[in-house]
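The structure under discussion appears below in the form of structure tokens.
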Amino acid sequence: MRNSIKYLTIIALTLGFSSCKKFLEIDPKYAWTDESFYSTREEADLALSGIYGQLATEDLYGYMFNVVLEAGTDESYTNTTSAQRDAAKYAYTASSDEIKNMWLRFYSCIHLINQFEKNLKADLFTQEEYNRLLAKARFIRGFCYFTLANWFGPVPLRLTPSYSQADNDFPPSPAFDVYKQAEKDYLFAAEHLYHAKDAGYVPGEPNKMAAHGLLARLYLKMGGFQPYLAPNEADCYFENPQQYFDKAKDQCEIIIADGWHSIVPYATDPNSYRNHFIHYLQDKYDLRESLFEISFGNLYSMGINVSGRLGNINGVEFVGTPDIPRGFAIINAGLPLYDIYSAEDTRREWSIAGYRNNFSSGSQVFTMRYIFDNPLDQEYGIGKFRRWEPTDIEELKTKSPWVNAPYTILNNTPGSEKDPNFTSINFPILRFSDVLLMHAEASIGGRYGTADATPAAVTSLNKVRERAGQEPYSGSWNHNVFFEEIVNERLRELCFEGLRKQDLIRWNLLKEKLDYTNNMIENNPMFVATNQFHQTYLEPGKNFKKSKHFLLPYPQQETELNKSLKQRPQWTE
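In our numbering, the protein residues as written are 61 to 633.
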């Protein structure tokens, strides 16, 4: 049994759960075990690619976790009226596939990392090379545990491989302990990883400044609201939260002072924001701004089976025939997002598509429509990861509806431009603009800090605003006013990047923003109470309960297997 598990783990790691279409050739002459596999740099790199590949699946950053589970905020909500997307409406249960599969994928990744750490032989590498290989794996483990604690709270903190049924029984550790382990992994990574500017760095892999940036994100979370830590919300904070904001500020300033990472200002390129995201669409690395991203195209080219549907599930509507870059647009850009941009903000028409292409099976034609100023349209699609766009948006504005309007494919990497559903679009995990906004927030101590804005905090905010073609911030430097601006600016800048829900949770603003969203929808002149799509937009706000939905339930399958993991009372009633 034990050896069978070892062999299967290596095969799963190497193939990345491959299909017949995408796989790495495995020589049948060799029978690898986990003790002998990591004997060369090439084998270690292959193992790490398999680890990265766990994140690049439909269950996680392919779309299910970062798109569907992330929906249900002021940023986005589903337009699907069926129960198929209940996970986006706070209508999930402990047996929901989205939750079960997310848990399994993150823990599969952790298991592979623990196995890698256990069996990597120090005497086969130089000390520097050995530490760097470990640092790549520990970076991902820190990321996995940070994410699990954010979404589930206390979770089993497994740091050694699991091989037998007895290993299943593992009690959860307090969220604080899980975060401390993530901190330890990130600190090791920051010490031993390459800088993205180093000659030996491979784009798409973890790097030194990304580790510092994710430490900052970790510290902001540790300084913020901790769901269900205590019966009284006022007590749901770790001791001395200000210390974590100070640490977050320090980590951001390491990156800023380093001076290598940057964003291209509007004065240099008025299309800077758009052009940065074109890089994700086309599997190109903008290392100056993108500190870390989930790489689909790079893993695909290596033969690792990945399954990204970015730009398809959360894209712009375009369905009907098999030879087009399909977009199902099942997640809408939220009305508050539409409302929060100024007309001059260059991020506005990139983040929100504002057009759709309908196919008529009767007439066999596509009809393209411009819908930007109809934010309650049933498929008011997300534009940030668009696979296509009208060839001439200005002409569409005057000709809408336009039959068989010309379009341009943007996601034109091999294997993606004509694949109807699967894409090679990379997903940003950490951008330099996020570092700047975290710096501004940490400088004032988050929502409940006491410090007013500093010149350095305003400078960080203004660098983000300038790239979007906005005037420098002219509002009050008062703590509460400046914090509100950060809340809004993070929505403008980082929408659809898998951050909004956790931002709102650590600020304890999720319920407030859901209520605000529903109020906006119901008071919009285009709202129709009998419209089934409009009612669907309201479901997240109606279903959300502060007593249970800040954290996900443990997967039912896991609580049945792990007798030491007890379901939270809120999910057993």
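We treat Cβ as the ideally placed atom computed from N, Cα and C, and that holds for glycine.
These numbers come from a predicted model, not from an experiment.
Other residues of its chain near R560: CB distance less than 6 Å, five sequence neighbours each side excluded: As a position in the sequence shown, residue 560 is number 500, starting the count at 1. Only T133 and E135 meet the Cβ criterion.
A393 - containing beta strand (DSSP E), residue span: The residue you call residue 393 lines up with position 333 of the sequence shown. Start and end: I391 to A393.
Through-space distance from D183 to F285, alpha-carbon basis: Here residue 285 corresponds to residue number 225 of the sequence shown, with the count starting at 1. Here residue 183 corresponds to residue number 123 of the sequence shown, with the count starting at 1. Spanning the two alpha carbons is a distance of roughly 44 Å.
Nearest candidate by alpha-carbon position, reference F492, set R527, P532 and A151: The count along the sequence shown starts at 1 and reaches residue 492 at position 432. Closest in C-alpha terms to F492, from the list R527, P532 and A151, comes R527.
Whether Y279 touches Y304 by CB criterion (7 Å): Here residue 279 refers to the residue found at position 219 of the sequence shown. Here residue 304 refers to the residue found at position 244 of the sequence shown. With respect to Y304, Y279 sits close: the two C-beta atoms are nearer than 7 Å.
In DSSP terms, what S350 is bridged to: Residue mapping note: residue 350 aligns to position 290 of the sequence shown, counting from 1. In DSSP, S350 forms a bridge with R491.
DSSP-derived helix/strand/coil call for M124: As a working note, residue 124 is residue 64 in the sequence shown. Looking at M124 - three-state DSSP - the assignment turns out to be helix.
Minimum length 3: unbroken beta strand (DSSP E) runs contained in the region 123-177: 136-138, all fully within the region 123-177.
Buried or exposed (CB count within 10 angstroms, at least 16 for buried), R101: Position 41 of the sequence shown holds residue 101. Here R101 is exposed. Its C-beta has fewer than 16 other C-beta atoms within 10 Å.
Nearest-angstrom Cα separation, counted from I504 out to S536: What you label residue 536 is simply residue 476 of the sequence shown in a count that begins at 1. What you label residue 504 is simply residue 444 of the sequence shown in a count that begins at 1. Roughly 13 Å separates the two Cα atoms.
Contact belief for Y137 with P600 at Cβ below 8 Å, rounded distance in angstroms: Position 77 of the sequence shown, counting from 1, holds the residue named residue 137. Position 540 of the sequence shown, counting from 1, holds the residue named residue 600. About 5 Å; that satisfies the 8 Å criterion.
Where the beta strand (DSSP E) containing N417 begins and where it ends: For the purposes of this step, residue 417 is identified with residue 357 of the sequence shown, where counting begins at 1. For N417, the enclosing beta strand (DSSP E) begins and ends at Y415 to S420.
Cβ distance (whole Å) where Q627 is taken to contact A154 below 8 Å: Walking along the sequence shown from the start, residue 627 turns up at place 567. Walking along the sequence shown from the start, residue 154 turns up at place 94. Right, their Cβ atoms sit about 6 Å apart.
Cβ-heavy atom distance, P450 to the ligand SAM, below 6 Å: Because no ligand of any kind appears in the structure shown, any question about the ligand SAM cannot be addressed here.
Continuous alpha helix (DSSP H) assignments of at least 4 residues falling wholly in the region 522-589: Listed in chain order, they are 539-554, 560-566 and 570-582.
For G260, the three-state DSSP class (helix, strand or coil): The residue you call residue 260 lines up with position 200 of the sequence shown. The three-state secondary structure of G260, taken from DSSP, is coil.
Alpha-carbon to alpha-carbon, F432 and L84: Stepping through the sequence shown from its first residue, residue 84 is reached at position 24. Stepping through the sequence shown from its first residue, residue 432 is reached at position 372. Summary for L84: the model assigns pLDDT 31, below 50, so the residue's position carries little reliability; its value from the coordinates is reported in the next sentence. Computed Cα separation, rounded: 44 Å.
Option nearest Q211 by Cα separation, candidates D258, N228 and K281: By 1-based counting over the sequence shown, the position of residue 211 is 151. Looking at the sequence shown, residue 211 is not Gln but Trp. Selected option, being the one with the closest Cα: K281.
H339 to N472 span [Cα, whole Å]: Within the sequence shown, numbered from 1, the residue matching residue 339 stands at position 279. Within the sequence shown, numbered from 1, the residue matching residue 472 stands at position 412. Whole-angstrom Cα-Cα distance: 11 Å.
Sequence-distant residues of the same chain with beta carbon closer than 8 Å to L219, five excluded per side: For the purposes of this step, residue 219 is identified with residue 159 of the sequence shown, where counting begins at 1. For L219, the CB contacts under 8 Å within the same chain, skipping 5 residues up- and downstream, are N174 and Q241 in chain order.
Status (buried if at least 16 other CB within 10 Å, exposed otherwise) for A308: Residue 308 sits at position 248 when you count from the first residue of the sequence shown. The residue is buried, with at least 16 neighbouring Cβ atoms inside 10 Å.
7 Å CB neighbourhood of L564 in its chain, flanking five on each side removed: Residue numbering aside, residue 564 sits at position 504 when the sequence shown is read from its first letter. T133, L570 and K573, listed in sequence order.
Whole-angstrom distance between E251 and S142, CA atom to CA atom: Residue mapping note: residue 142 aligns to position 82 of the sequence shown, counting from 1. Residue mapping note: residue 251 aligns to position 191 of the sequence shown, counting from 1. Each residue's Cα considered, the two are about 48 Å apart.
Contacts around E633, its chain only, beta-carbon distance under 6 Å, and the 5 residues preceding and following it disregarded: Sequence index remark: in the sequence shown, residue 633 carries index 573 (1-based). If we look at E633 and ignore the five residues flanking it on each side, it has no Cβ neighbours.
For M428, the residue or residues it bridges with in DSSP: Locating residue 428 in the sequence shown gives position 368, where the first residue counts as 1. M428 is bridged to N417 and W462.
Limits of the unbroken beta strand (DSSP E) element including E449: As a first step, residue 449 must be located in the sequence shown, where it is residue number 389. Taken as a continuous stretch (DSSP letters only), the beta strand (DSSP E) holding E449 covers W448 to P450.
Buried or exposed by the 16-neighbour rule on C-beta atoms within 10 Å, applied to K178: As a first step, residue 178 is located in the sequence shown; it is residue number 118 there, counting from the start. Exposure of K178 is indicated by the presence of fewer than 16 other C-beta atoms within 10 angstroms of its C-beta.
For I70, the three-state DSSP class (helix, strand or coil): For this step, residue 70 is matched to residue 10 along the sequence shown. Residue confidence is low: I70 scores 41 on pLDDT, short of 50, so the model does not pin down where it sits. Its coordinate-derived value is still stated next. DSSP places I70 in helix when its eight states are reduced to three.
Reduced DSSP category for Y304 - H, G, I as helix; E, B as strand; rest coil: Here residue 304 refers to the residue found at position 244 of the sequence shown. Secondary structure at Y304: helix, using DSSP grouped into helix, strand and coil.
Span of the beta strand (DSSP E), counted from its first residue to its last, around Y467: In the sequence shown, residue 467 corresponds to position 407, counting from 1. Here the beta strand (DSSP E) through Y467 covers Y467 to I469.
Cβ pair W410, Y333 closer than 7 Å: For the purposes of this step, residue 410 is identified with residue 350 of the sequence shown, where counting begins at 1. For the purposes of this step, residue 333 is identified with residue 273 of the sequence shown, where counting begins at 1. The answer is yes: Cβ separation under 7 Å.
Beta carbon of G506 nearer than 7 Å to that of G264: Against the sequence shown, residue 506 aligns to sequence position 446. Against the sequence shown, residue 264 aligns to sequence position 204. No, the Cβ-Cβ distance between G506 and G264 is not below 7 Å.
Inter-residue spacing [alpha-carbon to alpha-carbon] between S423 and P461: For the purposes of this step, residue 423 is taken as the residue at position 363 of the sequence shown. For the purposes of this step, residue 461 is taken as the residue at position 401 of the sequence shown. Going by the C-alpha atoms only, they are around 15 Å apart.
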